[in-house]
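To keep things clear, I will list the structure first and then write my remarks on it.
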Amino acid sequence: MSDPRLVKFKSRQRVNQIAIALSMVAMAFGLVWLIWILWETLWRGVGGLQLSVLTQMTPAPNEEGGLANAIYGSFLMVMLATFVGTPIGILAGIYLCEYSPRSLLSSITRFVNDILLSAPSIVIGLFVYTLIVARYKSFSGWAGVVALALIVVPVVIRTTENMLHLVPAGLREAAYALGTPKWKVITSITLRAARAGVVTGVLLAVAR
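Numbering (the numbering used here), first residue to last: 62 to 269.
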């Protein structure tokens, strides 16, 4: 008479093997389409990759040219949005962690920040378009900067707050014991200790 535990073990092995096989089939199915898309993109696009694409301006219809103005404009808007959004995000993160972590304002700020974090970029873009472009009836690069800054700010806020929470409380207590004012503790100790994480958050915000 066979051992029930052995039968159960063999049954689990069969289920495991079936699950692995199905997973491999699903993975292969996804990889086939991914490889096909990459191959089509490279095969059809390599012929059009020339230096002029990066150095020449966008041409008129049916003429040759490049994307230099689009590349420069995108770079400029991302940099301006980073310069606008990063200080706001860092200051808000400092407030949430160091000054008033449990106040009503902090709770509202975290709630709004979570909404912005989960909002798709297209929704933020439509909001700024309705708020600025449609109201003033003119296109503006600053509208793009505002939209991108709204994408940068919530990521920087969340990262800054989390990184400041990871700074050991003993560092703050030692500084306070020496009579160091709060603003000096934040700028000279906590921010320095969390510097790497804050920079990473800024880079993640730019990548988003």
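Every residue gets a Cβ at the ideal spot worked out from N, C-alpha and C, and that includes glycine.
Please go through the same chain and pick out, in chain order, the residues whose beta-carbon is closer than 6 Å to the beta-carbon of L232, but skip the five residues on each side of it. Position 171 of the sequence shown, counting from 1, holds the residue named residue 232. Hits under 6 Å: I250.
Scan the stretch 200-262 and note each continuous alpha helix (DSSP H) run of 4 residues or more that stays entirely inside, going in chain order. 202-226, 230-238 and 243-246
For V217 versus G258, is the C-beta distance shorter than 7 Å? Looking up residue 217 in the sequence shown gives position 156. Looking up residue 258 in the sequence shown gives position 197. In this structure, G258 does not lie closer than 7 Å to V217 by Cβ.
With a threshold of 16 other CB atoms inside 10 Å of the CB of G202, please say whether the residue is buried or exposed. Sequence index remark: in the sequence shown, residue 202 carries index 141 (1-based). Label assigned to G202: exposed.
Supposed close pair L157, T170 - CB separation, criterion 8 Å: Stepping through the sequence shown from its first residue, residue 157 is reached at position 96. Stepping through the sequence shown from its first residue, residue 170 is reached at position 109. Right, the Cβ-Cβ distance comes to about 6 Å (below 8 Å), so this counts as a contact.
Three CB pairs or more closer than 8 Å across the stretch 209-223 and the stretch 132-148: yes
Between P215 and L178, which are expected to be in contact by the criterion C-beta below 8 Å, what is the C-beta distance as a whole number of angstroms? Locating residue 215 in the sequence shown gives position 154, counting from the first residue. Locating residue 178 in the sequence shown gives position 117, counting from the first residue. With a Cβ gap of about 5 Å, P215 and L178 count as contacting.
When you compare the CB positions of M224 and A268, do they come within less than 7 Å of one another, or not? What you label residue 224 is simply residue 163 of the sequence shown in a count that begins at 1. What you label residue 268 is simply residue 207 of the sequence shown in a count that begins at 1. No, the pair does not count as a contact, with Cβ atoms beyond the cut-off.
Rounded to the nearest angstrom, how far is the Cβ of G205 from that of M138, given a contact under 8 Å? Within the sequence shown, residue 205 is the residue found at index 144, counting from 1. Within the sequence shown, residue 138 is the residue found at index 77, counting from 1. Confirmed, Cβ separation roughly 5 Å.
Reducing DSSP to helix, strand and coil, say where L137 ends up. By 1-based counting over the sequence shown, the position of residue 137 is 76. Note: L137 maps to helix in three-state DSSP.
Apart from the five residues just before and just after K245, which ones in its own chain have a Cβ nearer than 8 Å to its Cβ? By one-based count along the sequence shown, residue 245 stands at place 184. So the list reads A236, once near-sequence residues are dropped.
Over what stretch of residues does the alpha helix (DSSP H) that includes K198 continue unbroken? Here residue 198 refers to the residue found at position 137 when the sequence shown is read from its first residue. Segment: none, K198 is in no alpha helix (DSSP H) and carries neither H nor E.
Please look up how many angstroms separate the CB atoms of I132 and I247, rounded, as I've assumed it's under 8 Å. If you number the sequence shown from 1, residue 132 lands on position 71. If you number the sequence shown from 1, residue 247 lands on position 186. Actually they are not in contact, since the Cβ atoms of I132 and I247 sit about 38 Å apart, beyond 8 Å.
Assign T119 to one of three DSSP states: helix, strand, or coil. Counting from 1 along the sequence shown, the entry for residue 119 is found at position 58. T119: coil per DSSP, three-state reduction.
H226: which of S161, A89, F172 and S113 sits nearest, CA to CA? One-based indexing of the sequence shown puts residue 226 at position 165. Of the listed residues, the one whose Cα sits closest to H226 is S161.
According to DSSP, simplified to helix, strand and coil, what is Q78? If you number the sequence shown from 1, residue 78 lands on position 17. It is helical.
Might you give, ordered along the chain, the residues of its own chain that have their beta carbon closer than 6 Å to the beta carbon of F136, omitting 5 neighbours on each side? Reading the sequence shown from its first residue, position 75 is the one you call residue 136. No residues qualify anywhere along the chain.
Three-state class that DSSP yields for G127 in the structure shown: Counted from its first residue, the sequence shown places residue 127 at position 66. In this structure, G127 counts as coil in the three-state DSSP scheme.
CA nearest to the CA of N174, picked from W94, I183, F200 and T220: On the sequence shown, residue 174 is found 113 positions in, with the first residue counted as 1. The shortest C-alpha separation from N174 is found at T220.
Have a look at N77 and Y190 and give me their C-alpha separation to the nearest angstrom. By one-based count along the sequence shown, residue 77 stands at place 16. By one-based count along the sequence shown, residue 190 stands at place 129. Rounded to whole angstroms, N77 to Y190 spans 52 Å at the Cα level.
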